[in-house]
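Top to bottom, those sequences are chains A and B. When we follow our numbering, the leftmost residue of the first sequence carries the number 13, and every step to the right adds one. When we follow our numbering, the leftmost residue of the second sequence carries the number 13, and every step to the right adds one. Taking it in order: structure first as C-alpha cells, then the write-up.
Protein chains: 2
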Amino acid sequence: MEKSKSITTVKVDLGPKSYPIHIGANILPGLGDYVKRLGVGSRIMVVTNPTVGALYGRQVSDSLEAAGFETIVAEVPDGEKYKSLESAALLYDTAFTGGLDRSNAVLALGGGVIGDLAGFIAATYMRGVPFIQVPTTLLAQVDSSVGGKVAVNHPRGKNIIGAFYQPRMVFSDINTLYTLEDRQFRAGMAEVIKYGIIRDRDFFTFLEREAPAVRQLHIGTVIRVVETSCRIKAEIVAEDETEQGIRAILNLGHTFGHAYEALTGYSEFVHGEAVAIGMVSAARAAVKTGLLPEPDLARIERLIATYGLPCGFGNLDIAEIIESMYHDKKAVGGKVRYVLPETIGRAAIVPEISHEILKNVLQGQQNQV
Amino acid sequence: MEKSKSITTVKVDLGPKSYPIHIGANILPGLGDYVKRLGVGSRIMVVTNPTVGALYGRQVSDSLEAAGFETIVAEVPDGEKYKSLESAALLYDTAFTGGLDRSNAVLALGGGVIGDLAGFIAATYMRGVPFIQVPTTLLAQVDSSVGGKVAVNHPRGKNIIGAFYQPRMVFSDINTLYTLEDRQFRAGMAEVIKYGIIRDRDFFTFLEREAPAVRQLHIGTVIRVVETSCRIKAEIVAEDETEQGIRAILNLGHTFGHAYEALTGYSEFVHGEAVAIGMVSAARAAVKTGLLPEPDLARIERLIATYGLPCGFGNLDIAEIIESMYHDKKAVGGKVRYVLPETIGRAAIVPEISHEILKNVLQGQQNQV
C-alpha cells in the first residue's frame, strides 16, 4: 500500500449548507484537525459498527482526541436490520446520557447503514446537531455519504423515515477500501457506473478502459473514481437538494432495483447488485421505447459484467416485480416515474412505461444472472 | 357566539419556505378550499386526538372532502406521554398502509402535542411531506403551530427528538377556543404575555387593559391577541429560523419553566403555567442583576396573576431546580443561557447567572403560588 497524504476536495455547493468532501489515501490520522476547523463543540459521538470499529475506531478516536475532542463511541450491530427506529432510540439515549449538546457533532464511521442511521440521529437529536461523514465503503464514499439523504427503515419499507440533512464534512480515506469485501466493492461500482451513464460519457469510457486498475484498487485510479463520482453527485444535488426534479436521475436502476431487493427479502442481492440489474432493466426499457441506441445497451451490460455485477434477476415473478414497483415510495399519485438512459452520459425521467413493455423487458432478464 | 368569516392573515417570511397563518372565527368550514390552493396531493392524513376529533373531526373531514380530498384520520390518545417515538411508529404505519405518498399532506388538528407529533411525522415520513397546522388551543395558535419546531419526547427529556420543519399553512379558527378548558386557555395566555414582555410594550399594555374582554373570549379581542402574537413570533422566526441567535428570546421563562415541569413530573403544572412562573423568575433575576427596573417586575407579576396564572413554584427544592436547568437541552457546553427582560418590550440573552443570585431569586418564589 502506497502512502499518500495529499487530499483532493470536492465541494458540494448548497449556499450556507455547502460542505467539502475530502478524499485521499491514508488520511484518517489527520481527521481530528479537519474536524477542528468546523468549529463544532468539544464532544463528538462516533457511531460505528463492530467490524469497522475494530478496524478504524481507535485511529479515529486517537485523531479526534489529539485534536482536543472528547469522544463517545456508540456501536450499532452490523446489518441493514439495525437501521431502525429502535436503534435510533438507543442512540438518542447514548447521546443524552453522554451529555451531547446542540453544538456537538455526530460522526458516522462506516458504510451506508451507519451513515444513514447516524445522519438521522444528527438530523433529529435536539432538532439537529452537526454531522460528519467518514464513509468506509465504496458505496458510502461515492453515494450515500454525499447529498444529505438520511433515514431509517420502517418494517414496511426501506428509508421510509428520514430527512434531507446535509453533513458539515465528508472525509473519505480510500485506504479503508482495502479491508472491504470484494463483493461490497463491486456493489459500490454499480453506483459509480450509474454516474457515467446518467451524466458523463468520458467517465464511462474511463471505467471501461481502467477496469483492471480499479479492480486491483490502484490508488490513483480509485481516488479518481471516488472524486469523479462525488463531483457528479455534488453537481446534481446542488441543482436540486430535495429531489423536486433533476435529482431523481440519481435513481437510475433504483425503482427496478428496489423491487428485486424487496422480493428477495433483502437477502439475495446487496443494494448495488440490485441497482446493477435495475440499470440493465432501465437500459432495456429505454431501447424498447426507442430512447437508447442498442449499442449503448450492449456497452452498459458489458461494463456491469466486467465489474462482476449481475445483469439478470434469476427466477423472480414478473407480475410481482411490477406490483412491487407501484408500492415504492417514489411512486407519486399511483404513478411510477422511471429514469431511463437516453445515451451513455444522459438520462431522462419518464412518467410511465406500459405494462406490456415492462413485461417484455423483464422477460429478457428472467432466469439470467 | 358571533359568526364571522372574515380572515386575517399573518405571513411568516422564510423565502421559499414562507407560509400564511390564517386566523378567524368559524372559518373551519372553509378549510378545504384553503388546502386546495396549496397544490398538495389528493390524500390527506388528519392527525388528531379523541377529544378534538369528536368536536371538530367531522367538520374538517367534510370540508376537505367537499374540496375533493380523500382523508385518512389517525387518532392518537390524549396526553403529552403519547408525543413519543412509539406513537410516531404507529403513525408511519397508518400513513404507509393508507397509501400516503410524498405529495400528500399531514394535517395536525389539535393542540401542541398533536402539532408537534404530526409535524415530526410530516418532517420525516418519506423525508418530508407537506404539513398543515390546524391548532385548536390558544397555546398552539399563538406559539407551537408557528415557527416549525416539531418534536417528540424521549423518556429522558421533552422534545429531544425533533426537527425544524415549516408547515405550508397554519389555519386557526378561534371558535375552537370556546371548547377549551379555562385552565388551558390561561396557560396559553402565558405565551401571549411573553410576546409583550420580549417585543411589544404596547401589546403588554393592551393585555393589561383588555384582560376582562380576553378572559370572556370577546371575539374581536381574541383575534387581535392571536394575530399580534403570531406576528411577533413570525418576525422573530423570520430573523432566525433555526435558533442560532435572536430566536432564543422566545425561550423567556422556559429554562426555569422546564425545571418546574420536570421536577413535578409534568403533573403539577401545565406548560404555560410553568412558563409563567419561569417568566417571574427571569424578571426577578433581571432585577437582581440590575437589568430590569423594579416597577416593570411588578407589572409583569400583576399581569400574570390577572390571567389566573401562578407566580411561585410551591415547595420545590432550590438546589434541584438549579441542577435541572443545567441538564436542559438549551445548555450548551455546560453553560445555561438565560433570557431576561431588560424592560417591558425588550429581552436580552445572558450567558450565565451566578448561583448566588439564582438562589436568591428562587427563594422569593418558593412556597408561593
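We treat Cβ as the ideally placed atom computed from N, Cα and C, and that holds for glycine.
Beta-carbon contacts of GLY122 (chain B) that lie in its chain and below 6 Å, excluding the five residues immediately before and after: THR60, ASN61, VAL64 and THR148
Cα-Cα, which of B:ALA37, B:GLU332 and B:PRO28 is closest to THR21 (chain B)? B:ALA37
Any beta-carbon of chain A closer than 8 Å to the one on ILE361 (chain B)? no
Report yes or no: is there a C-beta of chain B within less than 8 Å of the C-beta of THR136 (chain A)? The beta carbon of THR136 (chain A) sits closer than 8 Å to some beta carbon of chain B.
What's the C-alpha gap between VAL154 (chain A) and ILE333 (chain A)? The C-alpha of ILE333 (chain A) is placed about 28 Å away from the C-alpha of VAL154 (chain A).
For GLY140 (chain B), which residues in chain A fall below 9 Å Cβ to Cβ? The contacting residues are GLY174, ALA175, PHE176 and THR254.
For HIS283 (chain B), name the three-state secondary structure that DSSP assigns. helix
Could you compute how far the alpha carbon of ARG114 (chain B) sits from the alpha carbon of PHE108 (chain B)? 11 Å
Whose Cβ in chain B lies nearer than 7 Å to the Cβ of ALA101 (chain A)? LEU97
Strictly under 8 Å for the Cβ-Cβ distance: is ARG168 (chain B) near chain A by that measure? Taking 8 Å as the CB threshold, ARG168 (chain B) lines the interface with chain A.
Considering Cα atoms alone, identify which of A:SER75, A:TYR68, A:GLU77 and A:GLY80 is closest to GLU87 (chain A). A:TYR68
Is DSSP giving ALA228 (chain A) helix, strand or coil here? A small correction: the amino acid at residue 228 (chain A) is Gln; Ala does not occupy that position in the sequence shown. Reduced to three states, the DSSP call for GLN228 (chain A) is coil.
What did DSSP end up calling ASP45 (chain B) once you bin it into helix, strand or coil? Three-state DSSP puts ASP45 (chain B) in a helix.
For ALA250 (chain A) and chain B, any beta-carbon pair shorter than 8 Å? no
Just by C-beta distance, which residues in the segment 269–291 of chain B are closer than 9 Å to chain A? none
Counting only Cβ-Cβ distances shorter than 8 Å, please list the residues of the segment 64–86 of chain A near chain B, keeping chain order. none
6 Å CB neighbourhood of GLY433 (chain B) in its chain, flanking five on each side removed: Only positions 13 to 381 of chain B appear in this structure, which leaves residue 433 (chain B) out of reach.
Quick one: is TYR350 (chain A) buried, meaning 16 or more other Cβ sit within 10 Å of its Cβ, or exposed? buried
Is ILE361 (chain B) helix, strand or coil when you go by DSSP? strand
Quick one: grab the DSSP three-state call for GLY376 (chain A). coil
At which residues does the beta strand (DSSP E) containing ILE172 (chain A) begin and terminate? 169–176 is the extent of the beta strand (DSSP E) around ILE172 (chain A).
Examine chain B for any beta-carbon lying closer than 8 Å to the beta-carbon of ALA117 (chain A), and answer yes or no. No, ALA117 (chain A) lies away from the interface with chain B (no Cβ there is under 8 Å from its Cβ).
Please state whether DSSP places ASP74 (chain A) in a helix, a strand or coil. Annotated three-state conformation of ASP74 (chain A) is helix, per DSSP.
Return the bridge partner residues of GLU82 (chain A) from the DSSP annotation. A:ARG55
Less than 8 Å between the CB atoms is what I'm expecting for PHE325 (chain A) and TYR272 (chain A), so what's the real figure, rounded? At roughly 5 Å, the Cβ-Cβ gap stays under 8 Å, so PHE325 (chain A) and TYR272 (chain A) are in contact.
PHE108 (chain B) versus chain A: which residues are under 8 Å apart at the beta carbon? HIS166, ARG168, GLY169 and ILE172
Between A:HIS339, A:ARG168, A:LEU262 and A:THR188, which has its C-alpha nearest ALA211 (chain A)'s C-alpha? Position check: residue 211 (chain A) holds Arg in this sequence, whereas Ala was assumed. The candidate whose alpha carbon is nearest that of ARG211 (chain A) is A:LEU262.
With which residues is PRO121 (chain B) paired in a DSSP beta bridge? Here residue 121 (chain B) turns out to be Leu, not Pro, going by the sequence shown. In the DSSP output, where bridge partners are listed per residue, LEU121 (chain B) has B:VAL146.
Tell me the DSSP secondary structure of VAL204 (chain A) in three-state form. It is helical.
Three-state secondary structure (DSSP) at LYS15 (chain B)? Reliability fails at LYS15 (chain B), whose pLDDT of 46 lies under 50, so the model's placement of it is uncertain and no value is given.
Going along chain A in order, which residues have a C-beta closer than 8 Å to the C-beta of ALA163 (chain B)? ARG139
C-alpha distance - THR240 (chain B) paired with VAL52 (chain B), whole-angstrom precision: 29 Å
Cα-Cα separation between ALA246 (chain A) and PRO353 (chain A), rounded to whole angstroms: Per the coordinates, the alpha-carbon of ALA246 (chain A) lies some 20 Å from the alpha-carbon of PRO353 (chain A).
Under 8 Å, with one C-beta from each stretch per pair, do the segment 192–206 of chain A and the segment 247–255 of chain A reach the 3-pair mark? no
Using a Cβ-Cβ distance cut-off of 8 Å, determine whether TYR94 (chain A) contacts chain B. Chain B contact via Cβ: absent.
Contacts of TYR104 (chain B) in chain A (Cβ-Cβ under 7 Å): Neighbours of TYR104 (chain B) on chain A, chain order: HIS166, ILE172 and ILE173.
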